[in-house]
Structure formats: structure tokens, C-alpha cells
Amino acid sequence: MTDVTEEPMVFETVLDAPPEKVWRALTIPEYLERWLLPIEGEAMSFSGAEEGLAERIDWTLVAEEPNRRLTYRWRESGKGAAEGDSLVTFELDPLADEQTLFRLTHSVPVSAANDNGQVPMMMAA
8 MTDVTEEPMV FETVLDAPPE KVWRALTIPE YLERWLLPIE GEAMSFSGAE
58 EGLAERIDWT LVAEEPNRRL TYRWRESGKG AAEGDSLVTF ELDPLADEQT
108 LFRLTHSVPV SAANDNGQVP MMMAA
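The opening position of the sequence shown corresponds to residue 8 in the working numbering, with each subsequent residue numbered one higher.
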């Protein structure tokens, strides 16, 4: 894998759903395409529609702990694609009242993080 940034991008929010329901939204293709982008088959790939962004993203499952943690290797291809792979990790922590602390951590290759040109699609993960 390509070198990644020393400090990954981390996004957190509280969702009004239990971890089991959020897990389904992350792992069932029909649900995933509702909030991300359409998926082309089991290869876990999708195509970008924005000009200047990578034309295709391929995800490979790296690790999973059902209802808790999911990690994918993210690779772009096509015009505007960043070089190298990144890692995208989703973490789900149960909270009171059927809520979930949702944490997305994206470790981006240094080449993409330092790119002053077109924004690669991996920066949107």
C-alpha cells in the first residue's frame, strides 16, 4: 500500500439508529447505494459522475467486526484519480436511546493529501 497521511481524516456524528441498522446501511448493496453512489455488482465499485473526479472506485474488504467495525481498501482509477490506495474504516459505537456514534476514518495517500490540483474522489469518502 502507498504511504498514508500521518493524521487520517476522521469524521464523527451521532445517528438516530442502533448499530445493527447502521451496519446494514454499510454492508447491504441496496442500502449502500441509497446514501453513497450506485454500486456495480459484488466488486464493490461505483462510478463518479462529477467532472474531474476519478471515474471508478473499487473497494476491497480488509477487515470486519459485525455491527462494530468495517475497513475497506479504496482505489481510484480513470481521469483525475489519486495515486495509491487509501483505507476507509467505519466504526459504530452503541449509545443510549438506540443511537450510534458513527466514526469514519480515511487514511489518504500522501500524494492525494498534498495534491493542489483536482480533488480526488477519495477525499470525499
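Just so you know, even glycine gets a beta-carbon here, dropped at the ideal spot from N, CA and C. Here the structure is a predicted model, which is why all the values come from computation and not from measurement.
Asked, Found
"Option in Glu-27, Asp-104, His-113 with minimal Cα separation from Leu-94", "His-113"
"Phe-109, buried or exposed, once every other Cβ within 10 Å from all chains shown has been counted against 16", "buried"
"Alpha carbon of Thr-107 to alpha carbon of Trp-30, nearest angstrom", "10 Å"
"Closest Cα partner of Asp-23 within the set Val-17, Ala-32, Pro-15, Met-16", "Ala-32"
"Straight-line gap, Asp-92 to Val-115 (C-alpha atoms, nearest Å)", "7 Å"
"Residues near Arg-76 in its chain [Cβ-Cβ closer than 8 Å; skip 5 each side]", "Ala-70, Thr-96, Phe-97, Glu-98, Leu-99"
"Secondary structure of His-113, DSSP reduced to three states", "strand"
"Coil, strand or helix - Gly-15 by DSSP", "Here residue 15 turns out to be Pro, not Gly, going by the sequence shown. Of the three classes helix, strand and coil, the one that applies to Pro-15 here is coil, per DSSP."
"Arg-75 in three-state terms, based on DSSP", "coil"
"Length of the line joining the Cα atoms of Trp-66 and Ala-103", "32 Å"
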